[in-house]
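K.L.:
Protein chains in written order, with the working numbering: chain A, 917 to 1239; chain B, 917 to 1239.
Pasting a structure below so you can have a look.
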């Protein structure tokens, strides 16, 4: 029997929503919505907007009056399972009881679940995307930062505080020179290979001393992003290749250690940066192969995310329907 | 209702067995047995010995004729869930179908489960030892090598090949100078802080150039073991403390990254070496605290294993009873 649920992706840039009517078998939405988050991003403003959006979506989908599950994938670190936001750099939030606020605003009519956005994507991919058929999955997404999610024996790995699978904050350097991460600690893999870190590092180098074809491709140092670096690397650009040889072993190591620990059947790679940087991905995978525990590598299938932007929406909707 | 089951621990030195009659509530055995493995350790010889031992145990416990679960914790790397040994340095085995051999020898009367020994200990501690009351657990054992086991949401983390939680083979160094591990790869944390590696390294140093009070405590370089190093370190011995400052961050890092990924409620420390090296443990924990992702650290309880030698026996018996 198919089920109706709403999935919402509350990211730093966009607030997206979709109404699904064919869960758990189909990721096709019967209605999609997107609006910019904009500058009014206090907990009250966001709660108010979601509170207006949901009844409107239900009305447009001709589902008014029904009590349906609503899953929200949120770009931030949650703590516990009631939708409490521990911190979100994208929103500038710390210790915000988003779940309570939304339940207060919307009333008891809705069953609201709030999930880490990467967990929602991982769950969506596992049920209706690149993870179908595998019970043990590690999904790694390289975008602005580095996020990950895991399924162990068919169950989403959440951990005791709901902060499991923070692969981006596993440490790959512990010496005094380890790079500073936005999280406050040093040596996190995200500080080396996260999209923002990589981009800042390259612009700084190219401004100060380095030269690279990426600057011409981008039309100026200030426009260089990882996609330009990757195009340059594909053409044998010295700077880009040197940068990659330095940072890609870091991510290869972090993924290898996670695979050694979790022994997944499928490793899913995705994210806005990774999908535009095939050369970086190849370098990372070479480093991964060298570092992974061979028995955990045996039979591992490496693939790319399939659901694109829909993954988080459908995953959040599925999670709200099933957990 | 209490259940009867046999637990066997097939280690490199001893073959131990116990009959439990109060599972899943009590770890008390009604009968225990220990014999040395000795030099005849071919798959056939071991199968033969276990095949003789089990009916004898059942008879002595006056359980002859009953069909009871038999769980075997094995010192080696398994692959799959049928008791196939991928490799075991302790026995010199590679690709041995131990489960099939035992089922062939013992017949269909027994329900035989074969588990990685550290997984068996972890399961035993989780159900009747230091893990009681926690659904998410990481257990790390430093003995000759470094083993680990994990419970995620109340389920033993096994992974798709049954080789999950191999913390000892997560990599902490990837440069050309990374130390060689017995597994064939370089840079595994076990190659730095596993009991054998630590001992060999210390004896080599002390033989070649270093001096340490550990030599006097041991009565000669050739007798130095990690316990002597730890006693020396406790007294401020320069060599021991320098060695610890070099290697303990490696294990602290590996445990921190595993906690960041798994977000357990409880971290259980144990093993023959760790239990005799409180100074090493303190150094490792200090490094752990510096590297762990703070949200995963919040609420984490750090404790020591409680069941000692019984852990693996009771864990294997419980696993055979329940999985």
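Positions of the beta carbon are idealized from the N, C-alpha and C atoms, including for glycine.
In this structure, does DSSP put residue 960 of chain A in helix, strand or coil?
P.N.:
Start at 1 with the first residue of the first chain, and residue 960 of chain A comes out as number 44. Helix, per DSSP.
K.L.:
State yes or no: is the beta carbon of residue 1062 of chain B nearer than 8 Å to at least one beta carbon in chain A?
P.N.:
As a working note, residue 1062 of chain B is residue 146 in the second chain. Residue 1062 of chain B does not count as touching chain A.
K.L.:
Establish whether the CB of residue 1177 of chain B and some CB of chain A are separated by less than 8 Å.
P.N.:
Position 261 of the second chain, counting from 1, holds the residue named residue 1177 of chain B. Cβ-Cβ to chain A under 8 Å: yes for residue 1177 of chain B.
K.L.:
Are the segment 1049-1060 of chain A and the segment 1182-1194 of chain A in contact at 8 Å, needing three or more beta carbon pairs?
P.N.:
The segment 1049-1060 of chain A vs the segment 1182-1194 of chain A: in contact.
K.L.:
For the alpha helix (DSSP H) holding residue 1132 of chain A, just list the boundary residues, first then last.
P.N.:
The sequence position of residue 1132 of chain A within the first chain is 216, counting from 1. Per DSSP, residue 1132 of chain A belongs to the alpha helix (DSSP H) from 1129-1134.
K.L.:
Please go through the segment 938-990 of chain A and give each complete alpha helix (DSSP H) segment of 4 or more residues, from N-terminal end onward.
P.N.:
Complete alpha helix (DSSP H) runs here, min 4: 959-976.
K.L.:
By Cβ distance, which residues of its chain are closer than 8 Å to residue 1002 of chain A, with the 5 residues on each side in sequence left out?
P.N.:
Your numbering for residue 1002 of chain A matches position 86 in the first chain. Once the five neighbours on either side are set aside, the close Cβ partners of residue 1002 of chain A are 992, 993, 994, 995, 1010, 1011, 1079.
K.L.:
Please name the residues in the segment 1074-1103 of chain B whose beta-carbon is closer than 8 Å to at least one beta-carbon of chain A, in chain order.
P.N.:
Within the segment 1074-1103 of chain B, the qualifying residues are 1074, 1075, 1076, 1077, 1078, 1079, 1080, 1081, 1082, 1083, 1085, 1086, 1087, 1090, 1099, 1100, 1101, 1103.
K.L.:
Give me, in chain order, the residues of the same chain whose beta-carbon lies closer than 7 Å to that of residue 1106 of chain A; leave out the 5 immediate sequence neighbours on both sides.
P.N.:
By one-based count along the first chain, residue 1106 of chain A stands at place 190. Around residue 1106 of chain A: 1061, 1062, 1084, 1085, 1097, 1113.
K.L.:
Would you mind sorting residue 1020 of chain A into buried or exposed? The rule is 16 or more other CB atoms within 10 Å of its CB.
P.N.:
The sequence position of residue 1020 of chain A within the first chain is 104, counting from 1. It is exposed - the Cβ of residue 1020 of chain A has fewer than 16 other Cβ atoms within 10 Å.
K.L.:
By Cβ distance, which residues of its chain are closer than 6 Å to residue 927 of chain B, with the 5 residues on each side in sequence left out?
P.N.:
Within the second chain, the letter at position 11 stands for residue 927 of chain B. Excluding positions up to five away in sequence, the list reads 991.
K.L.:
Name the chain B residues that come within less than 7 Å of residue 1169 of chain A, Cβ to Cβ?
P.N.:
Here residue 1169 of chain A refers to the residue found at position 253 when the first chain is read from its first residue. Correct list: 1087, 1090.
K.L.:
Considering only their Cβ atoms, is the gap separating residue 1014 of chain A from residue 1237 of chain A smaller than 8 Å?
P.N.:
Position 321 of the first chain, counting from 1, holds the residue named residue 1237 of chain A. Position 98 of the first chain, counting from 1, holds the residue named residue 1014 of chain A. Result no, Cβ atoms of residue 1237 of chain A and residue 1014 of chain A do not sit closer than 8 Å.
K.L.:
Pick helix, strand or coil for residue 1197 of chain A, following the three-state DSSP scheme.
P.N.:
Numbered from 1 along the first chain, position 281 holds the residue referred to as residue 1197 of chain A. DSSP places residue 1197 of chain A in helix when its eight states are reduced to three.
K.L.:
Could you work out which residue in B/1110, B/1156, B/1206 is closest to residue 1126 of chain B when comparing CA atoms only?
P.N.:
Within the second chain, residue 1126 of chain B is the residue found at index 210, counting from 1. Out of B/1110, B/1156, B/1206, B/1156 has the C-alpha closest to the C-alpha of residue 1126 of chain B.
K.L.:
Compute the Euclidean distance between the alpha carbons of residue 1070 of chain B and residue 1024 of chain B, then round it to the nearest angstrom.
P.N.:
One-based indexing of the second chain puts residue 1070 of chain B at position 154. One-based indexing of the second chain puts residue 1024 of chain B at position 108. Roughly 30 Å between the two C-alpha positions.
K.L.:
Can the beta-carbon of residue 1145 of chain B be found less than 8 Å from the beta-carbon of residue 1170 of chain B?
P.N.:
Taking the second chain and counting its residues from 1, one reaches residue 1145 of chain B at position 229. Taking the second chain and counting its residues from 1, one reaches residue 1170 of chain B at position 254. Cβ atoms of residue 1145 of chain B and residue 1170 of chain B: not closer than 8 Å.
K.L.:
Whole angstroms are fine: how far does the CA of residue 1221 of chain B sit from the CA of residue 1035 of chain B?
P.N.:
Residue 1035 of chain B sits at position 119 when you count from the first residue of the second chain. Residue 1221 of chain B sits at position 305 when you count from the first residue of the second chain. Going by the C-alpha atoms only, they are around 13 Å apart.
K.L.:
On the DSSP bridge list, what partners appear for residue 1032 of chain A?
P.N.:
Position 116 of the first chain holds residue 1032 of chain A. A/990, per the DSSP bridge assignment.
K.L.:
How about residue 1071 of chain A: is its C-beta nearer than 8 Å to some C-beta of chain B?
P.N.:
If you number the first chain from 1, residue 1071 of chain A lands on position 155. For residue 1071 of chain A, the answer is yes, since a Cβ of chain B falls inside 8 Å of its Cβ.
K.L.:
When DSSP labels each residue in this structure, what does residue 1054 of chain B get in the three-state scheme?
P.N.:
Indexing the second chain from 1 puts residue 1054 of chain B at position 138. In the structure shown, residue 1054 of chain B sits in a strand (DSSP, three-state: E or B).
K.L.:
Which residues, taken in chain order from the segment 953-970 of chain B, show a beta carbon closer than 8 Å to some beta carbon of chain A?
P.N.:
Residues: none.
K.L.:
When the cut-off is 8 Å and only beta carbons count, does residue 1028 of chain B lie next to chain A?
P.N.:
Taking the first residue of the second chain as position 1, residue 1028 of chain B is located at position 112. Residue 1028 of chain B does not count as touching chain A.
K.L.:
Can you pull out the residues from the segment 991-1024 of chain A whose beta carbon lies closer than 7 Å to at least one beta carbon of chain B?
P.N.:
Those would be 993, 995, 1002, in chain order.
K.L.:
Round the Cβ separation of residue 1065 of chain A and residue 1081 of chain A to the nearest angstrom and send it over; I've been treating them as touching at under 8 Å.
P.N.:
In the first chain, the residue the question calls residue 1065 of chain A occupies position 149. In the first chain, the residue the question calls residue 1081 of chain A occupies position 165. So it is a contact: roughly 5 Å between Cβ atoms.
K.L.:
Here's the rule: buried if 16 or more other CB atoms are within 10 angstroms of the residue's CB, otherwise exposed. What is residue 1076 of chain A?
P.N.:
Sequence index remark: in the first chain, residue 1076 of chain A carries index 160 (1-based). So residue 1076 of chain A ends up on the buried side.
K.L.:
Can you look up residue 996 of chain A in the DSSP assignment and give me helix, strand or coil?
P.N.:
As a position in the first chain, residue 996 of chain A is number 80, starting the count at 1. Here residue 996 of chain A sits in coil by DSSP.
K.L.:
From which residue to which residue does the alpha helix (DSSP H) around residue 1234 of chain B run?
P.N.:
To locate residue 1234 of chain B, count along the second chain from 1; it is residue 318. Counting along the chain, the alpha helix (DSSP H) containing residue 1234 of chain B begins and ends at 1226-1238.
K.L.:
Which residues of chain A have a Cβ atom closer than 7 Å to the Cβ of residue 1035 of chain B, listed in chain order?
P.N.:
Within the second chain, residue 1035 of chain B is the residue found at index 119, counting from 1. Under the 7 Å cutoff, chain A gives no residues; its nearest Cβ is about 12 Å from residue 1035 of chain B.
K.L.:
With H, G and I counted as helix, E and B as strand and the rest as coil, what does DSSP make of residue 1150 of chain A?
P.N.:
Here residue 1150 of chain A refers to the residue found at position 234 of the first chain. Correct three-state label for residue 1150 of chain A: helix.
K.L.:
Determine the extent of the beta strand (DSSP E) in which residue 920 of chain A is found, giving its start and end residues.
P.N.:
Sequence index remark: in the first chain, residue 920 of chain A carries index 4 (1-based). 919-926 is the extent of the beta strand (DSSP E) around residue 920 of chain A.
K.L.:
Within the same chain, show all residues whose beta-carbon is closer than 6 Å to that of residue 998 of chain B, passing over the 5 residues directly before and after it, in chain order.
P.N.:
Translated into positions along the second chain, residue 998 of chain B becomes position 82. Cβ neighbours of residue 998 of chain B beyond the five flanking positions: 1015.
K.L.:
What number of angstroms, rounded off, separates the C-alpha of residue 1174 of chain B from the C-alpha of residue 1087 of chain B?
P.N.:
Translated into the one-based positions of the second chain, residue 1174 of chain B becomes position 258. Translated into the one-based positions of the second chain, residue 1087 of chain B becomes position 171. The straight-line gap from Cα to Cα measures roughly 12 Å.
K.L.:
I need the straight-line Cα distance from residue 1158 of chain A to residue 1045 of chain B, nearest angstrom please.
P.N.:
As a first step, residue 1158 of chain A is located in the first chain; it is residue number 242 there, counting from the start. As a first step, residue 1045 of chain B is located in the second chain; it is residue number 129 there, counting from the start. Roughly 51 Å between the two C-alpha positions.
K.L.:
Taking only the alpha-carbon atoms, compute the straight-line gap between residue 1128 of chain A and residue 1094 of chain A and give it to the nearest angstrom.
P.N.:
Here residue 1128 of chain A refers to the residue found at position 212 when the first chain is read from its first residue. Here residue 1094 of chain A refers to the residue found at position 178 when the first chain is read from its first residue. Approximately 25 Å, taken between the alpha carbons.
K.L.:
With C-beta atoms as the reference, is residue 1160 of chain B less than 8 Å away from residue 1137 of chain B?
P.N.:
Counted from its first residue, the second chain places residue 1160 of chain B at position 244. Counted from its first residue, the second chain places residue 1137 of chain B at position 221. Not in contact: residue 1160 of chain B and residue 1137 of chain B (Cβ atoms no closer than 8 Å).
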